[in-house]
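Numbering (the UniProt record's numbering), first residue to last: 1 to 346.
Okay, structure first, notes after.
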Amino acid sequence: MYNPTYENVHNQFKLNGFHLNREDLCRVAYSFIKEGEDFEKPVGDFLLDWFDDKPYIEMQTSGTTGTPKLISVSKQAMVESALATGDFFELHPGDKALQCLPVKYVAGKMMLVRAMILGLDLEFVAPSSHPLDHVDMDFDFVAMVPLQAQNSLTELKRVKKMIVGGAAVNKNLEKQLLQLPTQVYETYGMTETITHIAARKLGEKAFTVLPGVTISYDDRNCLVIHAPRISDEVIVTNDLVELLNENQFVFVGRVDNVINSGGIKLIPEQIEEKLSHQLTQRFFIASKPDTELGEKVILVIEGEAFDLADDLYKNLDKYEKPKEVVFVPKFKETATGKIMRKESLQ
Numbered sequence: 001m002y003n004p005t006y007e008n009v010h011n012q013f014k015l016n017g018f019h020l021n022r023e024d025l026c027r028v029a030y031s032f033i034k035e036g037e038d039f040e041k042p043v044g045d046f047l048l049d050w051f052d053d054k055p056y057i058e059m060q061t062s063g064t065t066g067t068p069k070l071i072s073v074s075k076q077a078m079v080e081s082a083l084a085t086g087d088f089f090e091l092h093p094g095d096k097a098l099q100c101l102p103v104k105y106v107a108g109k110m111m112l113v114r115a116m117i118l119g120l121d122l123e124f125v126a127p128s129s130h131p132l133d134h135v136d137m138d139f140d141f142v143a144m145v146p147l148q149a150q151n152s153l154t155e156l157k158r159v160k161k162m163i164v165g166g167a168a169v170n171k172n173l174e175k176q177l178l179q180l181p182t183q184v185y186e187t188y189g190m191t192e193t194i195t196h197i198a199a200r201k202l203g204e205k206a207f208t209v210l211p212g213v214t215i216s217y218d219d220r221n222c223l224v225i226h227a228p229r230i231s232d233e234v235i236v237t238n239d240l241v242e243l244l245n246e247n248q249f250v251f252v253g254r255v256d257n258v259i260n261s262g263g264i265k266l267i268p269e270q271i272e273e274k275l276s277h278q279l280t281q282r283f284f285i286a287s288k289p290d291t292e293l294g295e296k297v298i299l300v301i302e303g304e305a306f307d308l309a310d311d312l313y314k315n316l317d318k319y320e321k322p323k324e325v326v327f328v329p330k331f332k333e334t335a336t337g338k339i340m341r342k343e344s345l346q
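Set out below in structure tokens:
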């Protein structure tokens, strides 16, 4: 009976075509650190951390639920997360997977852990914005950020299942991905939940939680995550949600983005959803202080200034219509491509 712990490596695990056990991986780690390329060094560091005597690994949080900080994550919790992903996406030993995310971040680390624990045949390439350009094989399972997915549209027919995370999948990208034979899921999670705890199949509205996870919400209507297999503590987020049942939710927006304009509470993400069919440029909704309204709604668009279509706001309610438009040459974003709203505006 295979009993998955962080001390075991599945006997069907392969890295770039080679069967490797724990000892082999430690040797590979040393060679990555000593003579590997820049993207291989963090892999070497991670593998040595994974196989040391400590039951935990230290990771930097992304700052999604507060200020970025260093947290200790249990290795066995990472194993449990990998098993839940394997169950949810029906992954089997020997399935071909692609590792194209930087191992510096939790999503990249978890691809390695899933492969070692579930016995996947992992192809490991340098993280880039066009990850499928330099590999000509077919894959059962791939994880990407939205920019990588956008740049891989012509190659994705070689992928059976793909998860997209790190930043939201915009409506235009979703439409393009839905035309492919690939099964694509948008994931929901953060470092504190050891990557995703829920996924939404593109074309559907609700996120469904992974095995072993239940959800509720607090008095702000923000999502509360109960995942005893991966976290001893209940995780309270700043994400406004509509709860369908204890396993499914619809993401509404971030509580810290809510705009109070003349006493009316407006959720930028809901306004963005209505505008997403009208604008092809990247944009977001924000606010500015206003003497009359307290806060006024503004539309922030990336790129050079241009004249807006007369009917741009036709789907918006009276209070949702932006009172001003701001053009920003280039948005500031996180390493995973998530737009940093406040920093971009400044």
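All C-beta atoms in this analysis are idealised placements derived from N, C-alpha and C, irrespective of residue type, glycine included.
Fair warning: this is a prediction, and the values are worked out from it, not measured in the lab.
On the three-state DSSP scale, how would you describe residue i?
{"i": "Leu112", "result": "helix"}
{"i": "Thr182", "result": "coil"}
{"i": "Lys41", "result": "helix"}
{"i": "Thr280", "result": "coil"}
{"i": "Asp95", "result": "coil"}
{"i": "Val142", "result": "strand"}
{"i": "Val328", "result": "strand"}
{"i": "Glu246", "result": "coil"}
{"i": "Phe306", "result": "coil"}
{"i": "Ala107", "result": "helix"}
{"i": "Gln148", "result": "helix"}
{"i": "Met340", "result": "coil"}
{"i": "Cys100", "result": "coil"}
{"i": "Met1", "result": "Unreliable positioning characterises Met1 in this predicted model, as indicated by a pLDDT of 47, which lies under 50. A coordinate reading is not provided."}
{"i": "Tyr319", "result": "helix"}
{"i": "Met59", "result": "strand"}
{"i": "Ala206", "result": "coil"}
Between the options, which has its C-alpha nearest residue i's C-alpha?
{"i": "Asp140", "options": "Pro42, Gly119 and Gln148", "result": "Gly119"}
{"i": "Asp218", "options": "Pro228, Ala199, Leu240 and Thr191", "result": "Leu240"}
{"i": "Gly212", "options": "Thr85, Val142, Asn8 and Gly165", "result": "Thr85"}
{"i": "Leu279", "options": "Leu312, Gln270, Ile264 and Ile259", "result": "Leu312"}
{"i": "Pro127", "options": "His92, Pro42 and Thr182", "result": "Pro42"}
{"i": "Glu155", "options": "Leu180, Lys338 and Lys288", "result": "Leu180"}
{"i": "Gly294", "options": "Ala309, Val159 and Leu266", "result": "Leu266"}
{"i": "Pro146", "options": "Ile163, Met137, Asp136 and Arg158", "result": "Ile163"}
{"i": "Asp290", "options": "Leu173, Ala305, Ala309 and Glu324", "result": "Glu324"}
{"i": "Phe251", "options": "Pro268, Gly263 and Leu98", "result": "Pro268"}
{"i": "Phe75", "options": "Arg341, Arg27 and Ser231", "result": "Contrary to the premise, residue 75 reads as Lys rather than Phe in this sequence. It is Ser231 whose Cα lies nearest to the Cα of Lys75."}
{"i": "Met190", "options": "Val328, Glu333 and Thr61", "result": "Thr61"}
{"i": "Phe51", "options": "Gly94, Lys157, Tyr6 and Ile298", "result": "Tyr6"}
{"i": "residue 350", "options": "Gly262, Val234 and Asn245", "result": "Because the chain spans 1 through 346 in this model, residue 350 falls outside it and cannot be assessed."}
{"i": "Thr193", "options": "Phe18, Asn257, Glu174 and Glu233", "result": "Glu233"}
{"i": "Phe18", "options": "Pro93, Glu123 and Asn3", "result": "Glu123"}
{"i": "Asn247", "options": "Ile225, Asn3 and Ala335", "result": "Ile225"}
Do you know how far the Cα of residue j is from the Cα of residue i?
{"i": "Asn21", "j": "Leu15", "result": "10 Å"}
{"i": "Gln12", "j": "Arg114", "result": "12 Å"}
{"i": "Pro102", "j": "His277", "result": "32 Å"}
{"i": "Tyr188", "j": "Gly165", "result": "7 Å"}
{"i": "Asn8", "j": "Met116", "result": "8 Å"}
{"i": "Ala198", "j": "Phe88", "result": "9 Å"}
{"i": "Ala143", "j": "Val79", "result": "17 Å"}
{"i": "Asn170", "j": "Glu23", "result": "43 Å"}
{"i": "Gln346", "j": "Thr182", "result": "39 Å"}
{"i": "Ala227", "j": "Ala82", "result": "13 Å"}
{"i": "Leu47", "j": "Ala305", "result": "48 Å"}
{"i": "Leu98", "j": "Gly108", "result": "11 Å"}
{"i": "Phe283", "j": "Glu37", "result": "36 Å"}
{"i": "Tyr319", "j": "Gly263", "result": "10 Å"}
{"i": "Val159", "j": "Lys288", "result": "44 Å"}
{"i": "Glu292", "j": "Glu174", "result": "38 Å"}
Within its chain, find whatever has a CB closer than 7 Å to the CB of residue i; leave out the 5 residues flanking it on each side and keep chain order.
{"i": "Lys274", "result": "Asn315 and Leu316"}
{"i": "Gln281", "result": "Ile301, Glu302 and Gly303"}
{"i": "Asp49", "result": "Ile57"}
{"i": "Phe32", "result": "Glu40, Lys41, Val43 and Gly44"}
{"i": "Phe249", "result": "Ala206, Phe207, Ile215, Leu223, Val241, Glu242 and Leu243"}
{"i": "Ser72", "result": "Tyr56 and Glu58"}
{"i": "Asn260", "result": "Gly294 and Glu295"}
{"i": "Glu343", "result": "Lys332"}
{"i": "Gly253", "result": "Leu240, Ile267, Pro268, Glu269 and Gln270"}
Output needed for residue i: all residues of its chain with C-beta closer than 6 Å, excluding positions within five of it in sequence on either side, in chain order.
{"i": "Lys96", "result": "Asp121, Phe139 and Asp140"}
{"i": "Lys201", "result": "Tyr185"}
{"i": "Leu177", "result": "Val184 and Leu202"}
{"i": "Asn221", "result": "Leu240"}
{"i": "Asp110", "result": "One detail in the question is off: residue 110 reads as Met in this sequence, not Asp. Hits under 6 Å: Thr195."}
{"i": "Pro322", "result": "Val297, Ile298 and Leu299"}
{"i": "Asp133", "result": "none"}
Going by the C-beta, is residue i closer than 7 Å to any heavy atom of the ligand FMN?
{"i": "Ile235", "result": "Among the components modelled here there is no ligand, and therefore nothing to report on the ligand FMN."}
By DSSP's criteria, residue i is part of a beta bridge. Which residues make up the other side?
{"i": "Ile298", "result": "Ala286 and Glu324"}
{"i": "Leu223", "result": "Tyr217"}
{"i": "Ser129", "result": "DSSP, once it has assigned bridges, lists no residue as partnering Ser129."}
{"i": "residue 347", "result": "The displayed coordinates of the chain run from 1 to 346. Any statement about residue 347 would go beyond what the structure contains."}
{"i": "Leu240", "result": "Cys222 and Gly253"}
Ignore the nearest five residues each way along the sequence and tell me which others in residue i's own chain have a CB closer than 8 Å to its CB.
{"i": "His130", "result": "Gln148, Asn151 and Ser152"}
{"i": "Gly337", "result": "Val145, Pro146, Leu147, Gly166 and Ala167"}
{"i": "Ala77", "result": "Ile194, Arg229, Ile230 and Ser231"}
Taking 8 Å as the threshold (beta carbon to beta carbon), is residue i in contact with chain C?
{"i": "Gly263", "result": "This model lacks chain C altogether; it includes just one protein chain."}
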